[in-house]
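Chemist: Numbering (full-length UniProt numbering), first residue to last: 1 to 442. Beta carbons: idealized from backbone N, C-alpha and C, even for Gly.
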Amino acid sequence: MPLKQHGRDYDIVVYGASGYTGKYTAQHIATHLPTTLKWAVAGRSRSKLEAVVSRLQELNPDRLPPSIEIIASTTDRTALESLCRRTFILLTTVGPYGSLGEPAFAACATTGTHYFDVTGEVPFVHKMITKYSSLAAQSGAKMFPQIGIESAPSDLLTWSLTQQLKREFGPATKTGEVTLSIHTLRSAPSGGTLATVFTILETFSLKQLKEAYKPYALSPVPHPNPDLAERRTTWITKVTGLATTPILGLGTTSVAAKTDAAIVQRTWGLLSQASTNKGKAEEDESYGPRFSFKQYMKPRNWLSGVAIHLGLMVLGLVMATPFLRKVAKKFVYQPGEGAEEEVAKRDELEYWGVAKPDFGGDEVKEKEEGRKRAFGRCWFRGPVYYYTGVLLAEAAATLLDEESVDEQLGGGGIYTPACLGQPFIDRLDKAGFHFETKIMEE
Numbered sequence: 001m002p003l004k005q006h007g008r009d010y011d012i013v014v015y016g017a018s019g020y021t022g023k024y025t026a027q028h029i030a031t032h033l034p035t036t037l038k039w040a041v042a043g044r045s046r047s048k049l050e051a052v053v054s055r056l057q058e059l060n061p062d063r064l065p066p067s068i069e070i071i072a073s074t075t076d077r078t079a080l081e082s083l084c085r086r087t088f089i090l091l092t093t094v095g096p097y098g099s100l101g102e103p104a105f106a107a108c109a110t111t112g113t114h115y116f117d118v119t120g121e122v123p124f125v126h127k128m129i130t131k132y133s134s135l136a137a138q139s140g141a142k143m144f145p146q147i148g149i150e151s152a153p154s155d156l157l158t159w160s161l162t163q164q165l166k167r168e169f170g171p172a173t174k175t176g177e178v179t180l181s182i183h184t185l186r187s188a189p190s191g192g193t194l195a196t197v198f199t200i201l202e203t204f205s206l207k208q209l210k211e212a213y214k215p216y217a218l219s220p221v222p223h224p225n226p227d228l229a230e231r232r233t234t235w236i237t238k239v240t241g242l243a244t245t246p247i248l249g250l251g252t253t254s255v256a257a258k259t260d261a262a263i264v265q266r267t268w269g270l271l272s273q274a275s276t277n278k279g280k281a282e283e284d285e286s287y288g289p290r291f292s293f294k295q296y297m298k299p300r301n302w303l304s305g306v307a308i309h310l311g312l313m314v315l316g317l318v319m320a321t322p323f324l325r326k327v328a329k330k331f332v333y334q335p336g337e338g339a340e341e342e343v344a345k346r347d348e349l350e351y352w353g354v355a356k357p358d359f360g361g362d363e364v365k366e367k368e369e370g371r372k373r374a375f376g377r378c379w380f381r382g383p384v385y386y387y388t389g390v391l392l393a394e395a396a397a398t399l400l401d402e403e404s405v406d407e408q409l410g411g412g413g414i415y416t417p418a419c420l421g422q423p424f425i426d427r428l429d430k431a432g433f434h435f436e437t438k439i440m441e442e
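Quick look at the structure:
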């Protein structure tokens with residue numbers, strides 16, 4: 001592919017490349033992205049980075065190895081800014097982001113360096129949006145937090161469902177209720193993910209958590225009915241976690257529901273904002289004023305569904321209790337660790353989703369088409385953390401190569417996975433992360 005000309009030393013730098021997810025990201029770049037790519041791996045330990053580069057050369061001996069850049073401390077903003085000024089796109093897997101992520105984010109916003117991360121920490125994203133949105137807009141930095149498994153699949157599938165409705169019913173069609181289900185999940189969390197879970201209450205106050213997780217807290221514009229999803233949730237679901245959705249079937253509480261909802265809701269706001277600015281119906285990708293989003297997880301049966309719901313409540317209690325948190329940390333993977341590659345190869349992840357069209361009170365259309373729904377799914381087979389690396393690398397390649405994406409985004413700012421649109425989805429499909437949508441009747 002013809003890479004974008006930018007005058008910097010590196011097209012891409014993988015920061016944190018010796019960590020569990022960073023290694024997978026570097027491996028995908030080495031085996032799938034063009035050999036003309038100018039890139040580097042960065043981190044604190046030269047010996048660990050040299051081991052990563054050695055492994056990359058084993059995987060693809062025909063391409064030149066990446067350069068190595070040393071950042072002695074994750075809090076050294078001067079060193080990070082120096083690296084970012086020579087970098088077009090920074091991919092960072094250095095977490096927990098709440099305690100370690102801001103210097104890299106700030107350096108990119110300052111230097112106009114495009115940024116991607118794989119955080120699942122909504123309070124971190126909320127803080128970064130509040131502090132750095134204006135700076136990113138001024139510098140031209142296009143910044144994409146939460147573009148890993150949290151929360152790219154949910155965001156991209158929701159966007160795909162809304163596009164399917166527009167293809168079926170016309171470009172002006174809005175979306176009502178979207179419900180997703182994690183249909184299959186076979187994977188174990190890495191040490192980095194667990195470190196995030198265990199430290200989030202040590203990094204952010206309860207007030208900050210409450211503020212960040214409010215519906216549409218990350219949206220640049222207010223939703224006219226921010227509690228719509230809550231009002232559409234029955235008391236039975238609130239008590240037991242169980243919900244039955246036509247086409248999707250039985251669901252229970254999803255551990256990622258609020259994390260993914262925050263990004264999907266920001267996409268709603270960004271697209272609403274863009275729609276107002278463009279004013280052309282054929283270019284309108286907005287979801288509409290009666291949009292709502294819910295996410296569940298598919299249990300084996302209603303009993304396991306209730307057990308999952310109660311188990312997550314117990315987990316919340318453990319996370320909120322310092323002593324229990326300290327004890328639990330001793331029995332899990334540590335940062336940089338995760339399942340062995342042979343074990344991780346058995347991982348699976350699949351999402352299903354349905355979207356209801358919103359005909360804006362058109363009774364005739366509601367009567368004729370009211371039972372139709374957009375159905376979609378996205379899935380992959382293989383290590384979940386490898387596909388987190390795929391998401392990072394292919395998102396960077398999309399921004400690096402697709403002129404249409406640049407035109408669609410416009411200037412700098414803090415964006416979401418869905419803002420990369422169909423070009424990103426097409427790249428993922430070629431890399432083994434598949435999406436499909438169609439129209440079905442309830």
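#1: Taking the C-alpha atoms as reference points, what is the distance between V94 and P65?
#2: Thinking C-beta only, is T111 closer than 9 Å to A141?
#3: Rounding to the nearest angstrom, what Cα-Cα distance links L250 and Q295 in this structure?
#4: By alpha-carbon positions, which one of L400, K298, P246, D284 ends up nearest to A256?
#5: With DSSP as the reference, identify every bridge partner of Y213, one or two as the case may be.
#6: Using only alpha-carbon positions, find the residue among S404, G432, L409, D62 that is nearest to P423.
#7: Should P103 and T119 be called a contact, given that it needs their Cβ atoms to be closer than 9 Å?
#8: What do you reckon, are the CB atoms on Y415 and M128 nearer than 9 Å?
#9: State the Cα-Cα distance for the pair T196 and T36, rounded to the nearest angstrom.
#10: For S47, name the three-state secondary structure that DSSP assigns.
#11: Does DSSP put Q5 in a helix, in a strand, or in coil?
#12: Under the three-state reduction of DSSP, which class applies to L250: helix, strand or coil?
#13: Going by alpha carbons, who is nearest to V178 out of K326, F169, S154, Y385?
#14: Who are the Cβ neighbours of R381 in its own chain at under 7 Å, not counting the five residues just before and after it?
#15: Please determine, among P226, D62, N301, L194, the residue with the shortest C-alpha to C-alpha distance to T240.
#16: According to DSSP, is E177 helix, strand or coil?
#17: Which residue comes first and which comes last in the alpha helix (DSSP H) that contains Y387?
#18: Inspect the beta-carbon positions of Y333 and P96 and report whether they are closer than 9 Å.
#19: Quick check on the burial criterion: 16 or more other C-beta atoms within 10 angstroms. Buried or exposed for M1?
#20: Quick one, are the C-beta atoms of T252 and G305 less than 9 Å apart?
#21: Roughly how many angstroms lie between the CA atoms of A243 and H6, to the nearest whole one?
#22: Are the CB atoms of L83 and A109 within a distance shorter than 9 Å?
#23: What residue range is occupied by the uninterrupted beta strand (DSSP E) comprising R373?
#24: Quick check: the Cα distance between K372 and R266, rounded to an integer number of angstroms?
#25: Relative to the alpha-carbon of R159, which residue among A431, D429, I425, I439 has its alpha-carbon at the smallest distance?
#26: Excluding the 5 residues preceding and the 5 following V384 in the sequence, name in chain order all residues of the same chain whose CB lies nearer than 8 Å to its CB.
#27: Output the distance between the C-alpha atoms of A137 and A152, rounded to the nearest integer angstrom.
#28: Which partner residues does residue 464 have in the DSSP bridge list?
#29: In the DSSP assignment, find the beta strand (DSSP E) that holds D358 and state where it starts and stops.
#30: Can you name the residues that DSSP bridges to H114?
#31: Would you kindly report the start and end of the unbroken alpha helix (DSSP H) that includes E341?
#32: Ends of the alpha helix (DSSP H) at Q163?
#33: Closest to L392 by C-alpha separation, out of K367, K23, R8, Y10, would be which residue?
#34: Any contact between the stretch 163-174 and the stretch 304-323? By contact I mean 3 or more CB pairs, one from each, below 8 Å.
#35: Would V13 and E69 be called neighbours here (beta carbons separated by less than 9 Å)?
Modeler: According to the structure shown:
#1: 21 Å
#2: yes
#3: 12 Å
#4: K298
#5: The partner list for Y213 (beta bridge, DSSP) is empty, contrary to what the question assumes.
#6: S404
#7: no
#8: no
#9: 35 Å
#10: helix
#11: coil
#12: strand
#13: S154
#14: E348
#15: N301
#16: strand
#17: 384-401
#18: no
#19: Note that M1 has pLDDT 48, beneath the 50 cutoff, so the model's placement of it is unreliable and no number is given.
#20: yes
#21: 50 Å
#22: no
#23: 372-381
#24: 26 Å
#25: As written in the sequence, residue 159 is Trp, which differs from the Arg given in the question. Here the closest residue by C-alpha is I425.
#26: I149, S187, A344, D347, L349
#27: 22 Å
#28: Outside the modelled stretch of the chain, which goes from 1 to 442, sits residue 464, for which no answer is possible.
#29: 348-358
#30: I89
#31: 341-344
#32: 152-169
#33: K23
#34: no
#35: yes
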